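Engineer: Below is one structure. I have some questions about it.
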Amino acid sequence: AHTAAAMVQLTSCHVLVLLASPLAGVPVDLSRAKDAASSLQILGFALVQQVLSRDEALGLRRAIQRFREEQPWAVWREVEQPDDAGATPQTIPGALRHPELLEAAKGICDSPLLHAIYKEFFRGERYRRLDHSDVGVNRQVGWHKDTSPQTVHWSNDAWSKANDGSEYKILKVGVYLQDQGDEAAAALDVVPGSHRQAESSHSGGLLTLKPALGDVVLMDQRTDHRAATSGRQGELAPDRLLLAFALGAENVFSQEHEQG
Numbered sequence: 244a245h246t247a248a249a250m251v252q253l254t255s256c257h258v259l260v261l262l263a264s265p266l267a268g269v270p271v272d273l274s275r276a277k278d279a280a281s282s283l284q285i286l287g288f289a290l291v292q293q294v295l296s297r298d299e300a301l302g303l304r305r306a307i308q309r310f311r312e313e314q315p316w317a318v319w320r321e322v323e324q325p326d327d328a329g330a331t332p333q334t335i336p337g338a339l340r341h342p343e344l345l346e347a348a349k350g351i352c353d354s355p356l357l358h359a360i361y362k363e364f365f366r367g368e369r370y371r372r373l374d375h376s377d378v379g380v381n382r383q384v385g386w387h388k389d390t391s392p393q394t395v396h397w398s399n400d401a402w403s404k405a406n407d408g409s410e411y412k413i414l415k416v417g418v419y420l421q422d423q424g425d426e427a428a429a430a431l432d433v434v435p436g437s438h439r440q441a442e443s444s445h446s447g448g449l450l451t452l453k454p455a456l457g458d459v460v461l462m463d464q465r466t467d468h469r470a471a472t473s474g475r476q477g478e479l480a481p482d483r484l485l486l487a488f489a490l491g492a493e494n495v496f497s498q499e500h501e502q503g
């Protein structure tokens with residue numbers, strides 16, 4: 244049976260998994276958000292389970308698929324070759340600028356649990372959703388940090404304080420819209436602690452995360468990561484969908500991120 248309180252579990256790899264109650268209208272113990280924020284600060288990421296119920300996640304998935312059918316002009320075909328399952332990678336850039344997708348994503352944008360985590364992570368600083376969002380469809384991406392010069396033009400070093408004393412605090416929020424369990428392909432490889440150094444290195448080992456339908460991965464955008472192996476996702480084949488957006492402290496780093 245589901246309980247009203249959220250449950251927190253540390254796996255053997257010391258990766259924080261925050262399990263929210265999947266029952267609509269059931270309050271969660273928001274004090275657990277401190278553990279998720281701690282995972283973000285120490286490891287550079289946290290996997291938050293069941294932020295959306297199955298019905299909510301499937302509703303968001305259907306809204307995205309309907310958008311792709313009705314507004315194909317807004318969908319970019321990626322230049323990469325089809326993945327190893329034969330699917331062609333696509334992107335919906337600026338996904339949350341579209342009112343119908345923003346409305347469909349209200350369960351994520353307004354999640355009390357996620358906002359409790361954000362408040363703990365930003366430690367009283369004002370934060371906001373940045374004008375960077377997309378839906379990835381069947382995408383595979385190699386190792387990178389989202390602070391790389393290829394993705395963002397920085398005049399400030401993301402590992403140093405800006406002239407006004409502000410610090411880099413930008414999160415990626417990734418919403419998984421299919422199961423990525425043991426029976427499915429891996430979803431995301433990350434290097435724990437790599438957000439603390441500018442140089443990319445995988446010598447310290449990597450960890451593979453396999454979120455399920457409705458789970459959210461929060462990640463410091465300086466963390467080394469890659470979209471891992473692809474594959475069809477059971478009953479939700481053939482498309483793999485990931486809604487992602489950025490959230491940042493109200494400072495110069497967030498402003499530059501939006502300009503990149």
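When we follow the numbering used here, the leftmost residue of the sequence shown carries the number 244, and every step to the right adds one. Note that the Cβ used here is the ideal one computed from N, Cα and C, for glycine as well. A quick note: this is a predicted structure, and the numbers were derived from the prediction, not measured.
Could you pull out every unbroken beta strand (DSSP E) segment of at least 3 residues lying fully inside the region 326-375, listed in chain order?
Structural biologist: 333-336
Engineer: With C-beta atoms as the reference, is Ala463 less than 8 Å away from Gln292?
Structural biologist: Taking the first residue of the sequence shown as position 1, residue 463 is located at position 220. Taking the first residue of the sequence shown as position 1, residue 292 is located at position 49. In the sequence under discussion, the amino acid at residue 463 is Asp, which differs from the Ala named in the question. Between Asp463 and Gln292, the C-beta spacing is not below 8 Å.
Engineer: Look at the alpha carbon of Thr334 and the alpha carbon of Leu303, and state the distance between them as a whole number of angstroms.
Structural biologist: On the sequence shown, residue 334 is found 91 positions in, with the first residue counted as 1. On the sequence shown, residue 303 is found 60 positions in, with the first residue counted as 1. Going by the C-alpha atoms only, they are around 16 Å apart.
Engineer: Give me the DSSP bridge partner(s) of Ala492.
Structural biologist: Your numbering for residue 492 matches position 249 in the sequence shown. Beta-bridge pairing links Ala492 to Tyr370.
Engineer: Just to confirm, are Pro435 and Leu414 a CB contact at a threshold of 8 Å?
Structural biologist: Residue numbering aside, residue 435 sits at position 192 when the sequence shown is read from its first letter. Residue numbering aside, residue 414 sits at position 171 when the sequence shown is read from its first letter. No; because the gap between Cβ atoms is not below 8 Å, this pair is not in contact.
Engineer: Drop a sphere of 10 angstroms on the beta-carbon of His468, count the other beta-carbons inside from all chains shown, and report buried for 16 or more, exposed for fewer.
Structural biologist: Here residue 468 is taken as the residue at index 225 of the sequence shown, counted from 1. Burial of His468 is indicated by the presence of at least 16 other C-beta atoms within 10 angstroms of its C-beta.
Engineer: Given 7 Å as the limit, tell me if Thr451 has its C-beta closer than that to any heavy atom belonging to the ligand GTP.
Structural biologist: Because no ligand of any kind appears in the structure shown, any question about the ligand GTP cannot be addressed here.
Engineer: Do you know how far the Cα of Arg483 is from the Cα of Gln421?
Structural biologist: In the sequence shown, residue 421 corresponds to position 178, counting from 1. In the sequence shown, residue 483 corresponds to position 240, counting from 1. So the alpha carbons of these two residues sit roughly 7 Å apart.
Engineer: Return the CA-CA distance between Leu486 and Gly417, expressed in angstroms with no decimal places.
Structural biologist: Residue mapping note: residue 486 aligns to position 243 of the sequence shown, counting from 1. Residue mapping note: residue 417 aligns to position 174 of the sequence shown, counting from 1. Those two C-alpha atoms are separated by around 6 Å.
Engineer: Counting Cβ pairs closer than 8 Å, one from the region 295-310 and one from the region 341-353, do we hit at least three?
Structural biologist: Yes: at least three Cβ pairs fall under 8 Å.
Engineer: Do Phe288 and Ala401 have their C-beta atoms within less than 8 Å of each other?
Structural biologist: Here residue 288 corresponds to residue number 45 of the sequence shown, with the count starting at 1. Here residue 401 corresponds to residue number 158 of the sequence shown, with the count starting at 1. No, Cβ-Cβ distance for Phe288 and Ala401 is not below 8 Å.
Engineer: Tell me whether Gln383 is buried or exposed, calling it buried when 16 or more other Cβ atoms sit within 10 Å of its Cβ.
Structural biologist: Looking up residue 383 in the sequence shown gives position 140. Burial call: buried.
Engineer: Tell whether a beta-carbon distance below 8 Å holds between Val380 and Ala338.
Structural biologist: As a first step, residue 380 must be located in the sequence shown, where it is residue number 137. As a first step, residue 338 must be located in the sequence shown, where it is residue number 95. No, Cβ-Cβ distance for Val380 and Ala338 is not below 8 Å.
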